[in-house]
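Chemist:
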Amino acid sequence: MAAPQPVPQLLLGPPAKAALFLTLTVAPGREDDVRDGLGELSGLSRSVSFRARDDALACVAGLSSDAWDRLVGGPRPRELHPFTPLHGPRHHAPATPGDLLLHLRARRADLCFELARLVLDRFGDAVAVVDEVHGFTYFDERDLLGFVDGSENPTGSAAADAVLVAGEDPGFRGGSYVVVQKYLHDLTAWHALPTEEQERVIGRAKADNLELPDDVKPPDSHVALNTVEDENGEQLQIVRQNMPFGRLGAGEFGTYFIGYARTPDITERMLRNMFLGNPPGTTDRILDFSTAVTGGLFFVPSATLLDDLPAPGTAPAAEDAPEPPPADAERPGDSLGIGSLKGAPAP
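2 is the number of the first residue of the sequence shown in the numbering used here; add one for each residue after it.
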């Protein structure tokens with residue numbers, strides 16, 4: 002009889018009205034406490050979601066490359082590595098501290114807040130919050146720039162295929178990779194542009210969200226640079242769950258980009274297109290108005306694995322895990338496509 006398939010975390014689900022993104026660092030020497038706390042996340046989630054069953058509360062947890070080595074025993078996810086900062090001719094994508102990512106989402110902000118409070122109480126002083134972003138739905142799924150965001154995310158089985166690890170890394174079936182970046186917008190400069198010019202920056206019509214024709218859409222538009230294909234011309238997909246956020250008193254307005262994918266290479270290709278250019282120097286015009294201030298890459302283990310993470314030194318090596326590819330090997334889908342307003346399976 003075949004072994005049961007691991008149950009994924011709740012990466013996919015109905016659109017959220019609210020989200021809370023927490024990036025945490027783990028205190029030295031407190032790895033056991035954090036690993037035990039991660040094993041209790043599913044129980045805490047059930048305790049809160051049971052009180053509001055129709056509001057689709059979910060909490061997804063991811064571990065950085067360094068955190069995986071500190072907290073988990075046995076083999077590593079084969080494509081897990083630190084977020085690679087990008088230094089382009091005009092724009093930069095920084096890598097910022099973060100051992101754990103918690104992505105909470107629901108149809109109500111109070112549920113996200115309550116679950117986050119309980120989770121942080123459980124971790125106690127074993128973790129420190131280094132970034133906290135409260136996201137919200139803005140009108141008809143628009144970002145604060147006024148454009149619809151993530152409209153071409155894959156759905157159904159195509160979404161699962163795009164985000165869930167399968168036979169390519171059998172020890173980590175049901176897992177996923179997630180890249181996050183916090184972008185701050187210069188709304189004063191953006192609103193100074195006429196609508197037609199804004200549409201050329203994005204590559205979409207503002208009112209009806211239709212993609213501009215190829216002979217009109219500039220090669221340095223956000224949509225053009227975030228559409229990546231494989232060697233057969235098939236579009237490579239990720240699932241974006243971006244959210245607007247803001248603090249009026251601080252004059253802070255932004256988009257929290259969060260993109261789930263079966264391999265981080267697709268999202269990384271998109272980012273290279275944006276920040277370095279494709280061809281080189283043709284950087285994403287959206288970056289003239291949106292500045293990346295954080296960056297992190299995390300592996301999201303299956304819920305089955307997260308509930309019982311092996312401690313370092315306790316897990317046997319996986320016999321069926323394939324050898325990792327050489328460092329110079331070509332990786333599938335060599336481009337990036339962040340929070341594309343073209344929507345692809347998303348700053």
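Ideal Cβ positions, reconstructed from N, Cα and C, are used throughout, including at glycine.
Mapping the DSSP letters down to three states, classify residue 159 as helix, strand or coil.
Modeler: Helix at residue 159.
Chemist: What does the alpha-carbon distance come out to for the pair residue 140 and residue 56?
Modeler: If I take the Cα positions, the gap works out to 19 Å.
Chemist: Could you pull the DSSP bridge partners for residue 241 from this structure?
Modeler: Note: residue 241 sits in a beta bridge opposite 260.
Chemist: Taking the straight line between their C-alpha atoms, what separation do you get for residue 218 and residue 40?
Modeler: Approximately 48 Å between the Cα atoms of the pair.
Chemist: Using DSSP with H/G/I as helix, E/B as strand and the rest coil, what is residue 14?
Modeler: Coil.
Chemist: Using DSSP's beta-bridge definition, name the partner residues of residue 218.
Modeler: In the DSSP output, where bridge partners are listed per residue, residue 218 has none listed.
Chemist: Determine the direct distance from the alpha carbon of residue 270 to that of residue 147, and round the result to whole angstroms.
Modeler: When rounded, the distance between both Cα atoms is 26 Å.
Chemist: Is DSSP giving residue 145 helix, strand or coil here?
Modeler: Correct three-state label for residue 145: coil.
Chemist: Are the region 301-314 and the region 65-76 touching, with three or more C-beta to C-beta distances below 8 Å?
Modeler: The region 301-314, when compared against the region 65-76, does touch it at the 8 Å Cβ threshold.
Chemist: Look at residue 263 and residue 7 and say whether their C-beta atoms are less than 8 Å apart.
Modeler: Going by C-beta atoms, residue 263 is not nearer than 8 Å to residue 7.
Chemist: Identify every run of the beta strand (DSSP E) within the region 277-306, keeping only runs that are complete inside it and at least 3 residues long; order them along the chain.
Modeler: Correct list: 291-293 and 297-301.
Chemist: Going by DSSP, which residues form a beta bridge with residue 130?
Modeler: Answer by DSSP bridge pairing, in chain order: 25.
Chemist: Under a Cβ-count criterion, where at least 16 other Cβ atoms within 10 Å of its own Cβ denotes burial, should residue 1 be classed as buried or exposed?
Modeler: Lying before the first or after the last residue shown, residue 1 is absent from the chain, which here runs from 2 to 348.
Chemist: Assuming residue 171 and residue 163 are in contact, meaning their beta carbons sit under 8 Å apart, how far apart are those beta carbons, in whole angstroms?
Modeler: That belief does not hold up - the Cβ atoms of residue 171 and residue 163 are roughly 19 Å apart, past 8 Å.
Chemist: Are there 16 or more other CB atoms within 10 angstroms of the CB of residue 245, so buried, or fewer, so exposed?
Modeler: The residue is buried, with at least 16 neighbouring Cβ atoms inside 10 Å.
Chemist: My output table needs one value for residue 66: the three-state DSSP class, helix, strand or coil.
Modeler: In this structure, residue 66 counts as helix in the three-state DSSP scheme.
Chemist: Taking just the CA atoms, how far does residue 203 sit from residue 191?
Modeler: Rounded to the nearest angstrom, the two C-alpha atoms are 12 Å apart.
Chemist: Which residue comes first and which comes last in the alpha helix (DSSP H) that contains residue 47?
Modeler: First-last of the alpha helix (DSSP H) with residue 47: 42-50.
Chemist: When you compare each of 35, 97, 275 and 284 to residue 122 by their alpha carbons, which one comes out closest?
Modeler: Here the closest residue by C-alpha is 35.
Chemist: Taking its Cβ as the centre, do 16 or more other Cβ atoms sit within 10 Å of residue 13, making it buried, or is it exposed?
Modeler: It is buried - the Cβ of residue 13 has at least 16 other Cβ atoms within 10 Å.
Chemist: With distances taken Cα to Cα, identify the nearest neighbour of residue 240 among 180, 25 and 110.
Modeler: Of the candidates 180, 25 and 110, the one whose C-alpha sits nearest the C-alpha of residue 240 is 180.
Chemist: How should residue 48 be labelled, buried or exposed, when 16 other C-beta atoms within 10 angstroms of its C-beta is the threshold for buried?
Modeler: Exposed, since its Cβ has fewer than 16 Cβ neighbours within 10 Å.
Chemist: How many Å lie between residue 30 and residue 265 at the Cα?
Modeler: Going from the Cα of residue 30 to the Cα of residue 265 covers about 29 Å.
Chemist: On the criterion of 16 or more Cβ atoms from any shown chain inside 10 Å, does residue 286 qualify as buried, or is it exposed?
Modeler: Burial call: buried.
Chemist: Using the Cα positions of residue 166 and residue 229, report the straight-line distance between them to the nearest angstrom.
Modeler: Those two C-alpha atoms are separated by around 20 Å.
Chemist: Under three-state DSSP, which class holds residue 9?
Modeler: Three-state result, residue 9: coil.
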